[in-house]
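Chains as they are written, first to last, in our numbering: chain E, 1 to 197; chain C, 198 to 440.
Yeah, the Cβ is synthetic: ideal placement off N, Cα and C, and Gly gets one too.
The structure presented is a predicted model; accordingly, all values stated were derived computationally and were not measured.
First the structure, in the form of structure tokens, and then the observations on it.
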Amino acid sequence: MNKVTFIIAEKSYVIRTGLIKIINGFPETSVIKEITDAGKLKKIVNNNKPDILIINSKLLDDAHEDIREMFSEKMKTKFVIFVGTKRESEHFSYFDEKISVDDNKEEIIKKLQTIITSKLPEKHKADSVELSEREKEVVKQIALGKTNKEIADLLFISVHTVITHRKNITRKLDIKTVSGITVYAILNNIIDIDEAV
Amino acid sequence: MIISKDTKLAEVIHHNYQLIPIIYRFKIKFGFGDGTVEQICKKNNINTEFFIEIVNLFHNEDYYSTDKLQSFPLKYTVNYLLKSHQYFNRVKLPLIEKLIHELFWEDASNKKNKDILNKFFVQYRKEVIEHTTNEEKEVYPFILEIEKCYSENKTDDLCISKLKHKSVKDYQESHDELNSALLDLKNIIIKYLPPADNSDIIERILTEIFRLEKDMADHTRIENTVLIPVAYKMENELRKKIK
Ligand SMILES: [Fe+2]
Ligand SMILES: [Fe+2]
Chain E
1 MNKVTFIIAE
11 KSYVIRTGLI
21 KIINGFPETS
31 VIKEITDAGK
41 LKKIVNNNKP
51 DILIINSKLL
61 DDAHEDIREM
71 FSEKMKTKFV
81 IFVGTKRESE
91 HFSYFDEKIS
101 VDDNKEEIIK
111 KLQTIITSKL
121 PEKHKADSVE
131 LSEREKEVVK
141 QIALGKTNKE
151 IADLLFISVH
161 TVITHRKNIT
171 RKLDIKTVSG
181 ITVYAILNNI
191 IDIDEAV
Chain C
198 MIISKDTKLA
208 EVIHHNYQLI
218 PIIYRFKIKF
228 GFGDGTVEQI
238 CKKNNINTEF
248 FIEIVNLFHN
258 EDYYSTDKLQ
268 SFPLKYTVNY
278 LLKSHQYFNR
288 VKLPLIEKLI
298 HELFWEDASN
308 KKNKDILNKF
318 FVQYRKEVIE
328 HTTNEEKEVY
338 PFILEIEKCY
348 SENKTDDLCI
358 SKLKHKSVKD
368 YQESHDELNS
378 ALLDLKNIII
388 KYLPPADNSD
398 IIERILTEIF
408 RLEKDMADHT
418 RIENTVLIPV
428 AYKMENELRK
438 KIK
């Protein structure tokens with residue numbers, strides 16, 4: 001399943017732990033990295049391309065500059081700034097959301113829920129369950145015990161294309177192993193139980 | 198909660214019931230009274246510090262470090278791992294298999310659903326047994342020999358000849374396949390299996406699979422982050438000495 005990924009850039013262990021606990025309270029989310037050192041920020045975020053970055057304003061030289069310019073253009077990351085008490089009323093125009101250490105439970109949950117929800121449709125679309133006819137045919141051949149090469153020859157496609165189909169099948173069904181795909185094929189009458197290897 | 202020697206063992210269980218099989222693995226029997234971790238460990242001839250490390254590792258997965266665990270004699274770790282193999286193979290997997298047999302559907306799909314699920318599970322069980330048997334017969338004994346040569350500072354012919362043909366590195370095999378099979382089984386039951394007519398059994402099967410998954414992940418983690426790295430380090434130092 002595709003999850004909404006977070007990176008948390010925050011020096012304080014107490015605050016980081018608190019944020020992770022709140023985020024883990026939402027299903028379909030995952031905190032993939034924690035950053036405590038501003039020097040590593042750019043590299044880690046660019047490499048991992050999280051859906052959401054929560055960053056303490058203290059880790060930025062100037063929180064009023066365009067944060068997007070720090071990272072690769074292709075990222076669709078939403079940026080959330082985390083601020084201490086003093087910046088309560090300040091507005092940060094380049095951020096999608098602002099969380100304050102003073103936010104109460106309802107406020108912080110509402111803010112996080114909104115930003116997570118904005119990311120969910122693209123996640124769900126990516127793992128849409130419907131298999132294409134071609135993918136069903138590949139499922140059938142996998143369940144019959146055929147190798148990638150055999151499937152490629154049979155369907156007049158390249159081995160590379162077979163592998164791509166397999167990846168998509170695994171992503172859509174959330175099933176990785178050949179035996180698992182075989183079970184799926186039998187349950188859905190794609191093959192008969194006696195045909196399975 | 199970080200578990201210490203002065204924590205009451207009963208409180209540990211109240212706090213996280215998933216530790217039940219772990220406690221059992223150390224041969225502590227329930228009805229152990231009101232003692233602290235240290236008191237009960239002493240009574241049962243268990244190394245308290247080792248016990249605490251294992252329990253904390255299982256309990257505080259996210260931020261617990263394996264450094265301390267690496268400092269114990271490997272035979273402690275191997276002994277614990279052997280116990281969990283037994284638990285997987287003799288308790289948990291047979292239980293899940295039995296529950297699969299109990300499933301039933303009122304319609305004509307009954308036989309097919311059961312057969313296919315059973316077939317998948319029997320195959321998985323076979324793979325687990327192959328994996329654990331290989332570890333018990335090959336990996337663990339080799340690692341214990343390395344440790345023996347290392348700790349007794351032996352560089353005699355016997356130790357040399359062992360290192361000639363094998364390396365701990367050969368055993369850094371992946372646990373991914375086994376883990377994927379469990380994940381697949383969960384998804385098949387949650388998403389694709391037609392709803393069974395005794396859904397209480399489905400509920401039990403799923404619960405058991407989730408528990409097993411956590412227990413196995415922990416087991417694998419100990420193998421990958423304690424057993425193999427420590428043995429590999431010993432092996433390398435031995436090789437240096439031999440040269
Ligand atoms: Fe093992
Ligand atoms: Fe293993």
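| query | Within the chosen definition, does the region 204–214 of chain C reach the region 224–232 of chain C through at least 3 CB pairs nearer than 8 Å? | reply | yes
| request: Using 7 Å as the cut-off, classify the Cβ of T422(C) as near or not near the heavy atoms of ligand 3, replying yes or no. | output: No copy of ligand 3 occurs in the structure displayed; its ligands are ligand 1 and ligand 2 alone.
| query | By DSSP, does F227(C) sit in helix, in strand, or in coil? | reply | Working through the second sequence from its first residue, we reach residue 227(C) at position 30. It is coil, neither helix nor strand.
| On the three-pair Cβ rule with 8 Å, is the region 298–316 of chain C touching the region 325–343 of chain C? | no
| Between the region 4–12 of chain E and the region 40–52 of chain E, do at least 3 Cβ pairs fall closer than 8 Å? | yes
| message | Only counting the same chain, and skipping five residues up and downstream in sequence, which positions put a Cβ closer than 7 Å to that of I191(E)? | response | As a working mapping, residue 191(E) is identified with position 191 in the first sequence. Closer than 7 Å at Cβ, skipping near neighbours: K140, A143, L144, A185.
| said: Does the CB of L206(C) have a neighbour CB from chain E at under 8 Å? | reply: Start at 1 with the first residue of the second sequence, and residue 206(C) comes out as number 9. Taking Cβ atoms only, chain E never reaches closer than 8 Å to L206(C), which makes this a no.
| query | How big is the Cα-Cα spacing for K76(E) and L53(E)? | reply | Reading the first sequence from its first residue, position 76 is the one you call residue 76(E). Reading the first sequence from its first residue, position 53 is the one you call residue 53(E). Rounded to whole angstroms, K76(E) to L53(E) spans 11 Å at the Cα level.
| task | Could you tell me if the beta carbon of T329(C) falls within a distance shorter than 7 Å of some heavy atom in ligand 1? | result | Residue 329(C) sits at position 132 when you count from the first residue of the second sequence. Yes, the beta carbon of T329(C) sits closer than 7 Å to at least one heavy atom of ligand 1.
| field | Nearest-angstrom beta carbon gap, E97(E) and I116(E) [assumed within contact, 8 Å] | value | What you label residue 116(E) is simply residue 116 of the first sequence in a count that begins at 1. What you label residue 97(E) is simply residue 97 of the first sequence in a count that begins at 1. Contact doesn't hold; Cβ gap of about 11 Å is too wide.
| Rounded separation between T17(E) and S158(E) - CA only | Reading the first sequence from its first residue, position 17 is the one you call residue 17(E). Reading the first sequence from its first residue, position 158 is the one you call residue 158(E). Near 48 Å, if we compare the C-alpha coordinates of S158(E) and T17(E).
| query | Should K125(E) go down as buried or exposed, given a rule of 16 or more other Cβ atoms within 10 Å for buried? | reply | Here the question's residue 125(E) lines up with position 125 in the first sequence. It is exposed - the Cβ of K125(E) has fewer than 16 other Cβ atoms within 10 Å.
| said: Could you tell me the alpha carbon to alpha carbon distance between W302(C) and P391(C), rounded to whole angstroms? | reply: One-based indexing of the second sequence puts residue 302(C) at position 105. One-based indexing of the second sequence puts residue 391(C) at position 194. If I take the Cα positions, the gap works out to 8 Å.
| said: Using the Cβ count rule (16 or more neighbours within 10 Å means buried), how would you classify M431(C)? | reply: Residue numbering aside, residue 431(C) sits at position 234 when the second sequence is read from its first letter. Per the 10 Å Cβ criterion, buried.
| task | Report yes or no: is there a C-beta of chain C within less than 8 Å of the C-beta of K136(E)? | result | Taking the first sequence and counting its residues from 1, the one referred to as residue 136(E) is at position 136. So no, K136(E) is outside the interface.
| field | Between the CA atoms of K119(E) and E333(C) - distance to the nearest angstrom | value | Counted from its first residue, the second sequence places residue 333(C) at position 136. Counted from its first residue, the first sequence places residue 119(E) at position 119. Roughly 46 Å separates the two Cα atoms.
| task | Just the chain E side, please: which residues come within less than 7 Å of D304(C) by C-beta, in chain order? | result | As a first step, residue 304(C) is located in the second sequence; it is residue number 107 there, counting from the start. Near D304(C) there are no residues of chain E at all, since even the closest Cβ is about 13 Å away, more than 7 Å.
| Which chain C residues sit within Cβ distance under 8 Å of T177(E)? | By one-based count along the first sequence, residue 177(E) stands at place 177. The answer, in chain order, is E374, S377, A378, D381.
| message | Rounding to the nearest angstrom, what Cα-Cα distance links V80(E) and V14(E) in this structure? | response | Start at 1 with the first residue of the first sequence, and residue 80(E) comes out as number 80. Start at 1 with the first residue of the first sequence, and residue 14(E) comes out as number 14. Taking the straight line joining both Cα atoms gives about 18 Å.
| field | Nearest neighbour of E420(C), chosen from P291(C), L382(C), L271(C), H362(C) [CA to CA] | value | Here residue 420(C) corresponds to residue number 223 of the second sequence, with the count starting at 1. E420(C) has its Cα closest to that of L271(C), out of P291(C), L382(C), L271(C), H362(C).
| Is there at least one non-hydrogen atom of ligand 2 closer than 7 Å to the beta-carbon of H165(E)? | Locating residue 165(E) in the first sequence gives position 165, counting from the first residue. No - ligand 2 has no heavy atom lying nearer than 7 Å to the Cβ of H165(E).
| Within 7 Å: the Cβ of E277(E) and any heavy atom of ligand 2? | With chain E covering only 1 through 197, there is no way to say anything about residue 277(E).
| field | Whole-number beta carbon distance between V4(E) and K123(E), since they are thought to touch under 8 Å | value | For this step, residue 123(E) is matched to residue 123 along the first sequence. For this step, residue 4(E) is matched to residue 4 along the first sequence. At roughly 6 Å, the Cβ-Cβ gap stays under 8 Å, so K123(E) and V4(E) are in contact.
| request: Leaving aside the five residues before and after C356(C) along the sequence, list all residues of the same chain whose C-beta is less than 6 Å from its C-beta, in chain order. | output: Here residue 356(C) corresponds to residue number 159 of the second sequence, with the count starting at 1. Within the same chain, C356(C) has close Cβ partners C346.
| field | Residue nearest to N401(C) in terms of C-alpha spacing, selected from N376(C), V234(C), N315(C), I293(C) | value | By one-based count along the second sequence, residue 401(C) stands at place 204. Looking at the sequence provided, one finds Arg at residue 401(C) rather than Asn. The shortest Cα separation from R401(C) among N376(C), V234(C), N315(C), I293(C) belongs to I293(C).
| query | Can we say the region 60–76 of chain E touches the region 17–33 of chain E, given the rule of at least three CB pairs closer than 8 Å? | reply | no
| message | Using only CA atoms, which one of L341(C), I385(C), N376(C), D353(C) lies nearest to S364(C)? | response | Looking up residue 364(C) in the second sequence gives position 167. It is L341(C).
| message | So with CB distances below 8 Å, who are the chain C contacts of I186(E)? | response | As a first step, residue 186(E) is located in the first sequence; it is residue number 186 there, counting from the start. By Cβ distance, chain C contributes K309, I313.
| Under three-state DSSP, which class holds K3(E)? | Within the first sequence, numbered from 1, the residue matching residue 3(E) stands at position 3. Coil.
| field | Proximity below 8 Å, CB of E344(C) to CB of A428(C) | value | The count along the second sequence starts at 1 and reaches residue 344(C) at position 147. The count along the second sequence starts at 1 and reaches residue 428(C) at position 231. Yes, they are a contact pair.
| task | Starting from K98(E), follow the beta strand (DSSP E) in both directions and report where the run begins and ends. | result | As a position in the first sequence, residue 98(E) is number 98, starting the count at 1. Taken as a continuous stretch (DSSP letters only), the beta strand (DSSP E) holding K98(E) covers 97–100.
| said: Does the structure place the region 261–271 of chain C close enough to the region 281–288 of chain C that three or more beta carbon pairs sit under 8 Å? | reply: no
| field | Cα-Cα separation between E405(C) and F255(C), rounded to whole angstroms | value | Position 208 of the second sequence, counting from 1, holds the residue named residue 405(C). Position 58 of the second sequence, counting from 1, holds the residue named residue 255(C). For E405(C) and F255(C), the distance between alpha carbons rounds to 17 Å.
| said: So for N286(C), helix, strand or coil by DSSP? | reply: By one-based count along the second sequence, residue 286(C) stands at place 89. It is helical.
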